[in-house]
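Read through the structure below, which is laid out as structure tokens, and then see the notes.
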């Protein structure tokens, strides 16, 4: 059997007991267990004296009644009286001899000591109490009748108390019921928070979950109402932004189209014209990046074969003179995503590698596109053999408008390529992984991880 490593075990414990439900439940259960323990110990302590008095009174009553019955009964009927005491009450009377060997009870537990003190205070300090006489077990108490010494032997069953095992079972039952109650209370308290967390997670993944119920406790109802209002405001903001961007696209691209037409017809030399057209195309591409970054998420998730998508896209980029494209594809790589948005991701990653991942000294981009199946994920990977990215700046590549000042900073766009990829992946429930190739190789490896269909 494989023993988990300390880090894996720690991660398992955190994932299981790190939730608010388990923390609250364990705290309440611990408090209940401590309370039950304190109550049980207090009950034992405060119950000793009343119980000792009760047992002592029973013993004293038996001794006095037996002594009175023997003292005032008809001598001819005394024998029948003794038989009746034995048969009906479990009480036996024996003459006490000097040769009798008896075993006195231990002073521990404390209850036994209290019982002995109470009996002697009522029957006299010379009273002998034993747990066995001549190896005959029982509760033996000495008394006198007209100067003669006698033993009265009482069956221990007369003083039977709730046994320790029975107390244990009752305590366990109380503990189990208390723990079940704690679990119920904790689940009731934790349920609104869990529902809120699940809804927030679904929204961050691009889903459109149902509104939270605005009933229940005052605090919960207010929190859910505020959250629902925030979600409605975000949806309205998204819709307003889409309308605004549609207007920006029309207002900016129409003049650019006219400007390009005028440039093509202007009486300037060919080189100047090409530079002006290139600038116009760059501005149009930047506007396109802005639109891609701010575009609302597509709600349509479907079954997309990433291997097929790469094969269909590869010929477009293989035609470029500055790209050496290599494909390493799984036979099938079906993911749960939106096909159009995934196509946009693939285009952005290849274009990013083409612009900034050229192999040093060659002026060409050696790009490898692969699809891999890993556990419950399908990975679309685009790798180049450029200069790579400093490790401390890898996490900054997904920031909007962020540009490196090192080997990958020859930017002609708005700096939104990786931000667009990361944003689309987050909306579809995927994740983006950026890493450098393992030395001595150089280059950046970008992995888009999707949920396996």
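In the numbering used here, the protein residues as written are 2 to 454.
From the three backbone atoms N, C-alpha and C, an ideal C-beta is built for every residue, glycine too.
Please read all numbers here as calculations on a predicted model, not as lab measurements.
Status (buried if at least 16 other CB within 10 Å, exposed otherwise) for residue i
i, result
"residue 451", "buried"
"residue 92", "buried"
"residue 308", "buried"
"residue 146", "exposed"
"residue 396", "exposed"
"residue 386", "buried"
"residue 409", "Summary for residue 409: the model assigns pLDDT 44, below 50, so the residue's position carries little reliability; its value from the coordinates is reported in the next sentence. Classification for residue 409: buried."
"residue 219", "exposed"
"residue 89", "exposed"
"residue 368", "buried"
"residue 357", "buried"
"residue 141", "buried"
"residue 258", "exposed"
"residue 245", "exposed"
"residue 440", "exposed"
"residue 163", "Reliability of the predicted coordinates at residue 163 is poor, the pLDDT of 49 falling under 50, and the value obtained from them is presented with this limitation in mind. Counting Cβ neighbours within 10 Å, residue 163 comes out exposed, since fewer than 16 surround it."
"residue 444", "buried"
"residue 1", "Residue 1 lies beyond the range of the chain shown here (2 to 454); nothing can be said about it."
"residue 57", "buried"
"residue 419", "buried"
"residue 1", "Since the displayed the chain opens at 2 and closes at 454, residue 1 lies outside it and no answer follows."
"residue 235", "exposed"
"residue 105", "exposed"
"residue 62", "exposed"
"residue 428", "buried"
Which residues DSSP lists as bridging residue i, in chain order
i, result
"residue 453", "336"
"residue 1", "Not covered by the structure: residue 1. The range shown for the chain is 2 to 454."
"residue 95", "152"
"residue 130", "142"
"residue 104", "133"
"residue 366", "324"
Identity of the residue in the options nearest residue i by Cα
i, options, result
"residue 477", "350, 358 and 28", "What is shown of the chain runs 2 to 454, which leaves residue 477 out entirely."
"residue 398", "213, 437, 373 and 365", "437"
"residue 388", "366, 453, 381 and 343", "366"
"residue 172", "40, 422, 381 and 323", "40"
"residue 401", "287, 311 and 85", "287"
"residue 99", "326, 138, 66 and 134", "134"
"residue 30", "199, 249, 184 and 274", "184"
"residue 64", "284, 249, 154 and 335", "154"
"residue 139", "127, 128, 152 and 148", "152"
"residue 177", "74, 34 and 211", "34"
"residue 394", "435, 216, 430 and 352", "435"
"residue 346", "324, 370, 332 and 331", "370"
"residue 320", "329, 332 and 355", "355"
"residue 432", "102, 238 and 381", "381"
"residue 215", "202, 204, 203 and 194", "194"
"residue 211", "55, 224, 196 and 221", "196"
DSSP three-state assignment for residue i, whether helix, strand or coil
i, result
"residue 139", "strand"
"residue 163", "Any reading at residue 163 is ruled out, since the residue's pLDDT is 49, under 50, leaving its predicted position unreliable."
"residue 145", "strand"
"residue 420", "helix"
"residue 438", "coil"
"residue 274", "helix"
"residue 30", "helix"
"residue 371", "strand"
"residue 322", "coil"
"residue 309", "helix"
"residue 232", "helix"
"residue 445", "strand"
"residue 379", "strand"
"residue 399", "coil"
"residue 360", "coil"
"residue 329", "strand"
"residue 355", "helix"
"residue 432", "strand"
"residue 456", "Examination of residue 456 is not possible in this model, given that the chain is present from 2 through 454 alone."
"residue 57", "helix"
"residue 201", "helix"
"residue 212", "coil"
"residue 252", "helix"
"residue 267", "coil"
"residue 74", "coil"
"residue 182", "helix"
Residue i CB to nearest heavy atom of the ligand COA below 7 Å
i, result
"residue 378", "In terms of ligand content, the structure shown is empty, and the ligand COA therefore cannot be addressed."
Cutoff 8 Å: residue i Cβ touching any chain C Cβ
i, result
"residue 31", "Structure shown: chain C not included; a single protein chain is present."
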